[in-house]
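Structure first, then comments.
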Amino acid sequence: MLIKQTSKYLLSLLLCIPVCAFTAPKSVDSDMNSADKVQTVKQTKATRASTANYPKRGMTMKQVRKQYGKPHSTRKSTGRVKKKWPRITVWNYAKYSVYFERHITLHTVVH
69 MLIKQTSKYL LSLLLCIPVC AFTAPKSVDS DMNSADKVQT VKQTKATRAS
119 TANYPKRGMT MKQVRKQYGK PHSTRKSTGR VKKKWPRITV WNYAKYSVYF
169 ERHITLHTVV H
């Protein structure tokens, strides 16, 4: 009786081993193709030159107005202004918008 049960369990164990071998995770390096690898973008002189035409983070409103001129339109945030909730101002130009927190540039969004 013990031999029959042992062979029964042994047979089921032998049937499961090939399934486990196929479903086992492979290492990341061996599984990735060259097309699947993450590509890093190197900043070239052309991309640096294109970003130089826009206001940078940290510029004041006076610096932006002096260097880039008067905006086409402006928007201010509504609601109470507190230390934790400063006023956000948006200046819209033809090709980009500049976001200010109080009087300092936060972001420039290219359209």
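So for the sequence shown, the numbering used here puts the first residue at 69; every next one is plus one. C-beta atoms are modelled at their ideal positions from N, C-alpha and C, and glycine is treated no differently.
### Query
Is it buried or exposed for residue 153, if we count other Cβ within 10 angstroms and need 16 for buried?
exposed
### Query
Residue range of the beta strand (DSSP E) that residue 144 falls in?
141-144
### Query
Relative to the alpha-carbon of residue 162, which residue among 137, 131, 127 has its alpha-carbon at the smallest distance?
137
### Query
Would you call residue 132 buried or exposed, if buried means 16 or more other Cβ atoms sit within 10 Å of its Cβ?
buried
### Task
Spell out the partners DSSP gives residue 166 in its beta bridges.
159, 176
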